[in-house]
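According to this note's numbering, the residues represented by the sequence shown are 229 to 424, in order. This report refers to the structure that appears directly beneath it.
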Amino acid sequence: MANLMLNHPTYCYYNPVVGMQNTSDESDEATSHPIDRVPSRVGAAAGPEIVDVDTLAQKVVDDNTAFVVGGLVVEKVRNDVPFYYVGCVYCKKRMIVDDHGNLRCERHACVNGNTYFVVRVCFVESATGRSIWLTLFDQCMAGLLDVGAKDFSLMHESMQMYKLNTLVGTRVSLTIKKNKRNGYNNYNVTHLDVLH
Numbered sequence: 229m230a231n232l233m234l235n236h237p238t239y240c241y242y243n244p245v246v247g248m249q250n251t252s253d254e255s256d257e258a259t260s261h262p263i264d265r266v267p268s269r270v271g272a273a274a275g276p277e278i279v280d281v282d283t284l285a286q287k288v289v290d291d292n293t294a295f296v297v298g299g300l301v302v303e304k305v306r307n308d309v310p311f312y313y314v315g316c317v318y319c320k321k322r323m324i325v326d327d328h329g330n331l332r333c334e335r336h337a338c339v340n341g342n343t344y345f346v347v348r349v350c351f352v353e354s355a356t357g358r359s360i361w362l363t364l365f366d367q368c369m370a371g372l373l374d375v376g377a378k379d380f381s382l383m384h385e386s387m388q389m390y391k392l393n394t395l396v397g398t399r400v401s402l403t404i405k406k407n408k409r410n411g412y413n414n415y416n417v418t419h420l421d422v423l424h
């Protein structure tokens, strides 16, 4: 983006129809959703770049570069794998069962773990129809479902499916950090905003 010489705040608008940014002062606020507006001040530190799904896939990065993808809709939740796991309270890594049948962390001397979400969700970009599968972890899922992983794990399976199916059709904006891991692209969802 060009450096704007303005003394008042400017806004970047994510236009879900066109899938591009518009930084002009004449932008029509009626055509964009308030959460799609990312306020920025001239001279302030740059925030994450706003991109669409195709651009995110094409970006070449060497570090944990953050991007914002807006206008995504939850299409489906993968239900053939568990929605939560018991992990270490220090590193959140999945705990293993030792020879005596007890849970323990391989890295730490932790024997009592916490329950954490791990839910695979397919998002569709409303502008292009492109889809992307992402795994949402504890913080994002607890915010979406308004229930913690421990309470969720105690629910009956039919109630778990009901709560997850209510997410279908939810419009969200994600902050995603992209990096390379073992030669493959790794997408880490660090923040999720529900759009109304």
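All residues carry an ideal CB built from backbone N, CA and C; glycine is no exception. Here the structure is a predicted model, which is why all the values come from computation and not from measurement.
Excluding the 5 residues flanking residue i on each side, which residues of the same chain have their C-beta closer than 6 angstroms to its C-beta?
i	result
ASN292	LYS405, ASN407
ASP253	With a pLDDT of only 39 at ASP253, under 50, the local geometry of the prediction cannot be trusted, and the value read off the model is given with reservation. Nothing meets the Cβ criterion.
ARG335	CYS319
Could you tell me if residue i is buried or exposed, where buried requires 16 or more neighbouring beta carbons within 10 angstroms of its beta carbon?
i	result
TYR344	buried
CYS319	exposed
LEU364	buried
MET323	buried
GLY357	exposed
ASN340	exposed
ALA285	exposed
MET369	buried
Quick test of your reading: residue i and residue j, contact by CB under 8 angstroms. State the CB separation rounded to the nearest angstrom.
i	j	result
VAL400	ASP379	Between ASP379 and VAL400 the Cβ distance is about 22 angstroms, and since that is not below 8 angstroms, they are no contact.
VAL417	GLU303	Not confirmed; about 16 angstroms, so no contact.
Beta-carbon separation of residue i and residue j under 8 angstroms?
i	j	result
ASP280	VAL297	yes
SER386	TYR312	no
VAL352	VAL314	no
VAL346	VAL305	no
LYS439	LEU373	There is no way to answer for residue 439, as the model of the chain reaches only from 229 to 424.
Could you pull out every residue in the same chain whose Cβ sits closer than 7 angstroms to the Cβ of residue i, ignoring the five residues on either side in sequence?
i	result
GLN388	PHE311, PHE380
PRO276	ALA294, PHE295, VAL296, THR403
ASP366	TYR344, PHE345, ALA377
Might you give, ordered along the chain, the residues of its own chain that have their beta carbon closer than 8 angstroms to the beta carbon of residue i, omitting 5 neighbours on each side?
i	result
CYS338	CYS316, VAL317, TYR318, MET323, ARG332
LYS321	GLY315, CYS333, GLU334, ARG335
Report yes if the C-beta of residue i is less than 7 angstroms from at least one heavy atom of the ligand PLP; otherwise report no.
i	result
VAL422	Inclusion of the ligand PLP in the displayed structure is not the case, the ligand content being empty and no account of it being possible.
Would you say residue i faces chain B, with C-beta separation under 8 angstroms as the test?
i	result
HIS336	Given the protein chain composition of this structure (a single chain), no chain B is represented.
Extract the residue ranges of the beta strand (DSSP E) inside the segment 364-420, only unbroken runs of 3 or more that lie entirely within it. 399-409
Give, in chain order, every unbroken run of the alpha helix (DSSP H) that is at least 4 residues long and sits entirely within the segment 295-340. none
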